[in-house]
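**Student:**
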Ligand SMILES: Nc1ncnc2c1ncn2[C@@H]1O[C@H](COP(=O)(O)OP(=O)(O)O)[C@@H](O)[C@H]1O
Ligand SMILES: [Mg+2]
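In our numbering, the protein residues as written are 1 to 315.
(1) If I follow the unbroken alpha helix (DSSP H) through residue 278, where does it start and stop?
(2) By the DSSP assignment, the alpha helix (DSSP H) with residue 167 in it spans what residues?
(3) Quick check on the DSSP output: the beta strand (DSSP E) that includes residue 20 runs from which residue to which?
(4) Which residues mark the beginning and the end of the alpha helix (DSSP H) in which residue 291 is found?
(5) Kindly list the residues whose CB is nearer than 6 Å to the CB of residue 173, restricted to its own chain and excluding five residues on each side of it in sequence; keep chain order.
(6) Less than 7 Å between the CB of residue 13 and some heavy atom of ligand 1, yes or no?
(7) I think residue 209 touches residue 38, with their Cβ atoms under 8 Å apart; what is that distance to the nearest whole Å?
(8) Counting along the chain, where does the alpha helix (DSSP H) carrying residue 153 start and finish?
(9) In this structure, does DSSP put residue 264 in helix, strand or coil?
(10) In angstroms with no decimal places, state the Cα-to-Cα distance between residue 145 and residue 131.
(11) Is the separation between the beta-carbon of residue 142 and that of residue 151 shorter than 8 Å?
(12) Can you list every residue whose CB sits closer than 5 Å to some heavy atom of ligand 1, going in chain order?
(13) State yes or no: is the C-beta of residue 255 within less than 8 Å of the C-beta of residue 233?
(14) Between the stretch 78-89 and the stretch 163-172, do at least 3 Cβ pairs fall closer than 8 Å?
(15) Out of 24, 55 and 46, which one is the CA nearest neighbour of residue 12?
(16) Near residue 269, which residues of its chain fall below 8 Å by C-beta distance, leaving aside the five closest residues on each side in sequence?
(17) Go ahead and pull the three-state DSSP assignment for residue 196.
(18) Return the first residue and the last residue of the alpha helix (DSSP H) that residue 204 is part of.
(19) Could you tell me whether the stretch 188-199 touches the stretch 24-37, using the rule of 3 or more Cβ pairs below 8 Å?
(20) Would you mind giving the Cβ-Cβ distance between residue 133 and residue 99, rounded to the nearest angstrom? I have them listed as a contact below 8 Å.
(21) Is it true that the CB of residue 147 sits closer than 8 Å to the CB of residue 94?
(22) Which residues in the same chain as residue 294 place their Cβ atom closer than 8 Å to its Cβ, once the five residues preceding and following it in sequence are excluded?
(23) Do the stretch 12-22 and the stretch 62-71 meet, that is, are 3 or more Cβ pairs less than 8 Å apart?
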């Protein structure tokens, strides 16, 4: 590893901004990505995640604020910094007549790796991406999940110190997502710094050591996933669906006590946040306040987002 990547911070942003005409896409955000960690940007569509990623990997320049990547200034030292970043962009075309192995070897040769080493590198990356048996096929012959893994393999050609992945599993089925997660977990074990964006709370919870939750260009929360959940909403949620004849105000009053950390009311459900959802449920009087259903479950980052913004991540 090079000198700068040994610094404790892989990315440092202070009051980072970006607008497109009148539209503010990133509205003054501060964050620090520790070296060797997996750092996430979680937020709904339009939150400003892709805009932030494109500034980090030097595709667009910041509209304001400071942005230091791998110890360098991404604007004035763009070439040197970019050479050490691997990118899996949100939308990438994988057309072409080269086989997977030829394509990866060609990419390696762009980085000045000689022919025989490039072939070996291609083979190593295909094995990493669990695509070795597809080496002689063309990208269009791959499934969606395999394509995504190929893109990850491509981002690794130059042995980057930082890998930026914009929505690495969007549009994939559950099994393909698991295979991508597995690749990312193996990268984490190698000590590479990962920055990912996602609008899937389960992905953020599973992969990220730390994350920020973004909404409308701003950071609304940051921290470790489990701590964010515990601090914002409490560890558990009681999800109640009252029957039409149920007096909802009375129901909420009857369950409220000091152990409850928050209440969110949706069109059909009432979410009651607390450290122990079963304990809250045990106080419920079924005869006075009839319910269609009651579910005690672990709180998630989706609940955090709902509590902080009043909206769902999927809206
Ligand atoms: N090239 C662009 N030109 C104009 N507006 C843009 C452009 N890219 C993004 N935006 C706008 O900036 C906001 C944030 O977009 P984006 O960063 O893509 O969000 P996310 O990745 O979180 O979905 C959105 O309102 C989007 O429409
Ligand atoms: Mg995006």
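For each residue, glycine too, the CB sits at the ideal point set by N, CA and C.
**Tutor:** In this structure, then:
(1) 277-282
(2) Where residue 167 is concerned, there is no enclosing alpha helix (DSSP H), given that its DSSP letter is neither H nor E.
(3) 9-20
(4) Taken as a continuous stretch (DSSP letters only), residue 291 belongs to no alpha helix (DSSP H), being part of the beta strand (DSSP E) at 291-298.
(5) none
(6) no
(7) 5 Å
(8) 144-155
(9) strand
(10) 11 Å
(11) no
(12) 20, 25, 45, 46, 47, 48, 49, 50 and 51
(13) no
(14) yes
(15) 55
(16) 239, 240 and 241
(17) strand
(18) 201-207
(19) yes
(20) About 12 Å; that fails the 8 Å criterion.
(21) yes
(22) 238, 239, 240, 241, 281 and 284
(23) yes
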